[in-house]
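Peer 1: The structure's right below; bear with me while I get my questions together.
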DNA sequence: CAGTATCCTCGAGGATACTG
DNA sequence: CAGTATCCTCGAGGATACTG
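Chains as they are written, first to last, in the working numbering: chain W, 1 to 149; chain F, 1001 to 1149.
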């Protein structure tokens, strides 16, 4: 394996980053969350080469982020859907989106799509929170310590 | 520029992913949030080559995520600190950490460090929330629409 | 200590054509 | 439609040595 060092087996962020810090993987996941499921759709929407797309999809299936689901066409084919593990990546994508919207605004100032809470129409926002007292946290509010053994 | 297509100028996630979906960038940011500031410390802690480290640091400074701050040694040197834009990446890193801790547990089951709210000692958690009604959201609770023009 | 310069390798990713 | 097979390029990244 190349880049083995990237995946420091001790660090959670490190191992997640080894999977998600791949050129196409984050974009592929964006498409999945937007509803894309089929090979040809990924290929045309993302303008990714067929071989790399095949590889990335297989990798995400291997990791348990996507699963292949059969559907009927002329012959039986498969589409790719999020597993529970995959769905759990939603906060990562949303945090990325929030940050990009605020700090890397598009040239023409328009977002490519809007997101709203289905029930009340409110805006969607990713944040870090204290599970105890419920306040929103920044890096400065958090203490890093050696793990409890 | 290689991989120009990656940075679909329309999509916020796309442009953020082009920066953060780089092999070493997420790990570099992890180190920064853990308090690393100096070249040699990054180099030894991450086991990254000097040239790539130089490049990545310059890139993050260019993008306004890090800034160089002079400090006194034998001669004047610089260390790298988060800008406001850089600090704003905290939710991304924390979302990644939460996900990894739950879905990519380390081999030996131990995290490499713990995080606690400085004030109350509570746990730290990244989540997606509705700014209107305040409930926690999953992908299923969110509607995607064409942007308002 | 914090880089820069040089050189090299290898593998990620693209293009294209083919297959069931 | 959803891939697989083949071939090729180029650039990301490592190793090493040097510099102020």
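We treat Cβ as the ideally placed atom computed from N, Cα and C, and that holds for glycine.
#1: Residue 1022 (chain F) versus chain W: which residues are under 7 Å apart at the beta carbon?
#2: Which residues mark the beginning and the end of the alpha helix (DSSP H) in which residue 56 (chain W) is found?
#3: Kindly indicate if chain W contains any beta-carbon less than 8 Å away from that of residue 1012 (chain F).
#4: Please check if any C-beta of chain W sits within less than 8 Å of the C-beta of residue 1144 (chain F).
#5: Determine the direct distance from the alpha carbon of residue 75 (chain W) to that of residue 1091 (chain F), and round the result to whole angstroms.
#6: Between residue 100 (chain W) and residue 1015 (chain F), which are expected to be in contact by the criterion C-beta below 8 Å, what is the C-beta distance as a whole number of angstroms?
#7: Have a look at residue 1115 (chain F) and residue 1029 (chain F) and give me their C-alpha separation to the nearest angstrom.
#8: Could you tell me how far apart the beta carbons of residue 32 (chain W) and residue 66 (chain W) are, in whole angstroms, since I believe they sit closer than 8 Å?
#9: For the candidate residues W:125, W:19, W:139, whose alpha-carbon lies nearest to that of residue 1150 (chain F)?
#10: With DSSP as the reference, please indicate the residues paired to residue 1142 (chain F) in a beta bridge.
#11: In the DSSP assignment, find the beta strand (DSSP E) that holds residue 12 (chain W) and state where it starts and stops.
#12: Out of F:1132, F:1127, F:1131, which has the shortest C-alpha to C-alpha gap to residue 130 (chain W)?
#13: Which residue wins for smallest C-alpha separation from residue 12 (chain W), given the options F:1026, F:1018, F:1055, F:1013?
Peer 2: Taking the structure as given:
#1: 21
#2: 50-62
#3: yes
#4: yes
#5: 44 Å
#6: 6 Å
#7: 16 Å
#8: 7 Å
#9: The question about residue 1150 (chain F) has no answer, for chain F in this structure spans 1001 to 1149.
#10: W:117
#11: Per DSSP, residue 12 (chain W) belongs to no beta strand (DSSP E); it is in the alpha helix (DSSP H), 12-20.
#12: F:1127
#13: F:1026
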